[in-house]
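Counting with the numbering used here, you get residues 0 to 312 for the letters of the sequence shown.
Right, one structure below, let's go through it.
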Amino acid sequence: MRDLFFSIKDYIQCNFSSRTYIPILIWIAVLVSFNYYLDFEDSYIDVLPLFSRIGAFTLFQGLAFIVPVLIISVTSDRKSFLSSREFWFKFIVAFIILGVYRGFSFRTDFCSWLDSNDCFFLYKVLRRVVKVCLVIVCILPFYYFFDREKSQGFYGISLQKKSIEPYLYMLLGMAVILFGASFIDSVSEYYPMYKRSGGHLFATRNNIAEHWVILMFEIPYGFGFIAVELFFRGFLIFSFSRLLGEHVVLPMATVYAVLHFGKPLPETLSSVLGGYILGIVALRTKNINGGIVVHAGVALMMELFAFMQIYFQ
Numbered sequence: 000m001r002d003l004f005f006s007i008k009d010y011i012q013c014n015f016s017s018r019t020y021i022p023i024l025i026w027i028a029v030l031v032s033f034n035y036y037l038d039f040e041d042s043y044i045d046v047l048p049l050f051s052r053i054g055a056f057t058l059f060q061g062l063a064f065i066v067p068v069l070i071i072s073v074t075s076d077r078k079s080f081l082s083s084r085e086f087w088f089k090f091i092v093a094f095i096i097l098g099v100y101r102g103f104s105f106r107t108d109f110c111s112w113l114d115s116n117d118c119f120f121l122y123k124v125l126r127r128v129v130k131v132c133l134v135i136v137c138i139l140p141f142y143y144f145f146d147r148e149k150s151q152g153f154y155g156i157s158l159q160k161k162s163i164e165p166y167l168y169m170l171l172g173m174a175v176i177l178f179g180a181s182f183i184d185s186v187s188e189y190y191p192m193y194k195r196s197g198g199h200l201f202a203t204r205n206n207i208a209e210h211w212v213i214l215m216f217e218i219p220y221g222f223g224f225i226a227v228e229l230f231f232r233g234f235l236i237f238s239f240s241r242l243l244g245e246h247v248v249l250p251m252a253t254v255y256a257v258l259h260f261g262k263p264l265p266e267t268l269s270s271v272l273g274g275y276i277l278g279i280v281a282l283r284t285k286n287i288n289g290g291i292v293v294h295a296g297v298a299l300m301m302e303l304f305a306f307m308q309i310y311f312q
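Dropping the structure here:
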């Protein structure tokens, strides 16, 4: 735990510049205000047809990323990447991948051949697994042709045995904060995710004890954060750090906040700091295994505390 703390402290000491950080924080504030004032993602993007939705996510999230990149190019000594074909190729393809990840849906086709009474819940369960596979398949060619010889493991995913103990302490420290957050109205209305999955009806119709159905939902839900960490702390950090250097953490944290649009505002705001810290940890340790543990752990604790709120009401 101490090593992680000093790694984060050293990163900030080496890279912090008010000329860079303040404009990027203002940009994040603009994005967040714009989205939550207009309910932009939920009311304007999510309702679009499939390909328009994918295109809108691609452009919106690409814009969220490229503005901090341009700020970095103006306020730091990192400028040459703007003339790099590799940067622009990676940028375009990366955000097409993210647009597909955010906008892709197979619910209509899935429900066309499955009992419509059960398809909603089963789609919610299967979607998490499908999106993990989607991210892996999409970024695998990048890894093979561009980054294989320069990366440790598959964009930070390593099978080498490394202690996750520091990350468990991190989770333990966050548990108190998450428990307190579970009392915020917007958070308690949104969580647990299970209550909006149709799981209760699925259990009733199929005569299955609901605790098994909860597990059936929550395990893939936790598994799905592999895709998030692999793309944000893996692909964006390790592939773009060769071009942007350690400054890559700020653009990544910005677009990671955009990923949370549609969720409660306190969660979106906290995601800026969370994405920033996990980005530093991934960059300095060359590993995202711990980030997967933390991210999945935080999400599942939010589910647990939300269930507790319901149970003790």
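Cβ coordinates follow ideal geometry from the N, Cα and C atoms, glycine included.
C-alpha distance - residue i paired with residue j, whole-angstrom precision
i       : j       : result
Thr-267 : Phe-260 : 7 Å
Trp-211 : Ser-104 : 26 Å
Phe-230 : Arg-241 : 16 Å
Ser-82  : Phe-216 : 46 Å
Leu-125 : Met-307 : 26 Å
Phe-224 : Lys-78  : 33 Å
Pro-48  : Ser-269 : 31 Å
Ser-111 : Trp-26  : 43 Å
Phe-201 : Pro-263 : 26 Å
Ile-53  : Ile-95  : 8 Å
Leu-235 : Thr-203 : 43 Å
Lys-8   : Leu-62  : 29 Å
Tyr-143 : Phe-64  : 24 Å
Phe-50  : Val-131 : 20 Å
Close beta carbons around residue i, own chain, < 8 Å, minus the five adjacent residues each side
i      : result
Thr-19 : Ile-70, Ile-71, Thr-74, Ser-75, His-246 and Leu-249
C-beta contact flag for residue i and residue j at 7 Å
i       : j       : result
Tyr-166 : Val-292 : yes
Phe-80  : Phe-88  : no
Arg-232 : Leu-299 : no
Leu-97  : Gln-60  : yes
Ile-287 : Ala-281 : yes
Val-128 : Pro-219 : yes
Phe-120 : Gly-221 : no
Phe-178 : Phe-304 : yes
Thr-253 : Pro-67  : yes
Gly-273 : Glu-228 : no
Range of the contiguous alpha helix (DSSP H) that encloses residue i
i       : result
Val-46  : Segment: none, Val-46 is in no alpha helix (DSSP H) and carries neither H nor E.
Ser-115 : 115 to 141
Leu-158 : Careful: Leu-158 lies outside any alpha helix (DSSP H) and carries neither H nor E.
Phe-4   : 1 to 14
Met-307 : 288 to 310
Phe-90  : 84 to 102
Residue i burial status per 10 Å Cβ neighbour count (16 or more: buried)
i       : result
Asn-205 : exposed
Tyr-190 : buried
Pro-140 : exposed
Thr-284 : buried
Arg-101 : buried
Ala-226 : buried
Nonlocal neighbours in the same chain, by C-beta distance under 6 Å from residue i, ignoring five residues either side
i       : result
Ala-180 : Val-186
Within-7 Å CB hit, residue i to chain D
i       : result
Phe-216 : Included in the structure is just one protein chain, with no chain D present.
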